[in-house]
Each structure stands twice: as structure tokens, then as C-alpha cells.
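**Q** Handing you a structure now.
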Amino acid sequence: MPLRTMLFIGLCAGHALLSWIGAGGATLGPAIAATIYAPLFVLDALRLPVFGNGPSGGWAGPSPLGWACVLLLWGAVWWGVAALLARACRR
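Put into C-alpha cells, the structure is as follows:
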């Protein structure tokens with residue numbers, strides 16, 4: 064398996080693990096929420112339906128399109144980081 068693919072899987076797994084472990088915590092919770100909601104706010108400003116129906120007075124959760132956009136964004140970010148790290152290790 065290429066180094067870039069292994070790095071990509073490791074980075075994605077680390078991101079998912081931190082999200083799963085720290086989702087309820089007071090220290091990591093806001094940072095994890097920012098990794099989800101910050102890209103969605105940008106896409107919402109472009110009038111894409113990335114938020115579902117929220118409870119009255121509460122935060123709307125991401126729609127299926129919103130989750131797909133978040134996963135694609137972070138996948139692209141981690142793929143780029145893995146590619147740069149793999150290139151640096153080859154030199």
C-alpha cells in the first residue's frame with residue numbers, strides 16, 4: 064500500500080477518533096463542532112441546502128448533503144496533507 068494512502072487513512076482515522084472521543088467534552092467539543100459547522104456556514108451562504116430542519120430555538124443539524132460536503136472537504140484536506148507528507152518522506 065502506498066505511503067500516501069496509509070497516511071491518509073491514519074489522518075482520517077485520527078480525526079474521526081478525536082471527534083468520537085471528544086464530542087461530549089467541554090475542551091474539544093467546540094473545536095469539533097467548528098470542523099463541521101464552519102464549512103457548512105460557507106456553503107449555506109452560497110444558498111446550498113446543507114442544514115436540515117432544526118428544533119424551535121435550537122441548532123439545525125447537517126442535512127445529508129451537508130454531511131457529504133463535510134466528508135468531501137475533510138477528505139480532500141487530509142489527502143492533500145498526506146500527499147505533502149509522502150513527498151517530503153521521499154526526499
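Numbering (my numbering), first residue to last: 64 to 154. Glycine included, every Cβ here is placed at the ideal spot set by N, Cα and C.
1. Considering only the alpha carbon of each residue, which of Val133, Leu147, Gly138, Thr68 lies closest to Ala97?
2. Roughly how many whole angstroms lie between the Cα atoms of Leu147 and Gly129?
3. Just confirm the distance between the C-beta atoms of Pro125 and Val113, as a whole number of angstroms; I'd bet it's less than 8 Å.
4. If you check the beta carbons only, do Leu81 and Leu74 fall under 8 Å apart?
5. Is Leu70 closer than 8 Å to Ala151 when the C-beta atoms are compared?
6. At what residues does the alpha helix (DSSP H) containing Gly110 begin and finish?
**A** Reading it off the structure:
1. Within the sequence shown, the letter at position 34 stands for residue 97. Out of Val133, Leu147, Gly138, Thr68, Val133 has the C-alpha closest to the C-alpha of Ala97.
2. Against the sequence shown, residue 147 aligns to sequence position 84. Against the sequence shown, residue 129 aligns to sequence position 66. Roughly 27 Å separates the two Cα atoms.
3. Translated into the one-based positions of the sequence shown, residue 125 becomes position 62. Translated into the one-based positions of the sequence shown, residue 113 becomes position 50. 6 Å between Cβ atoms; contact.
4. Walking along the sequence shown from the start, residue 81 turns up at place 18. Walking along the sequence shown from the start, residue 74 turns up at place 11. No, the pair does not count as a contact, with Cβ atoms beyond the cut-off.
5. As a first step, residue 151 is located in the sequence shown; it is residue number 88 there, counting from the start. As a first step, residue 70 is located in the sequence shown; it is residue number 7 there, counting from the start. Here Ala151 is not near Leu70, since their CB atoms are 8 Å or more apart.
6. Counted from its first residue, the sequence shown places residue 110 at position 47. Note that residue 110 is Arg in the sequence shown here, rather than Gly. Premise fails: Arg110 is in no alpha helix (DSSP H) and is neither H nor E.
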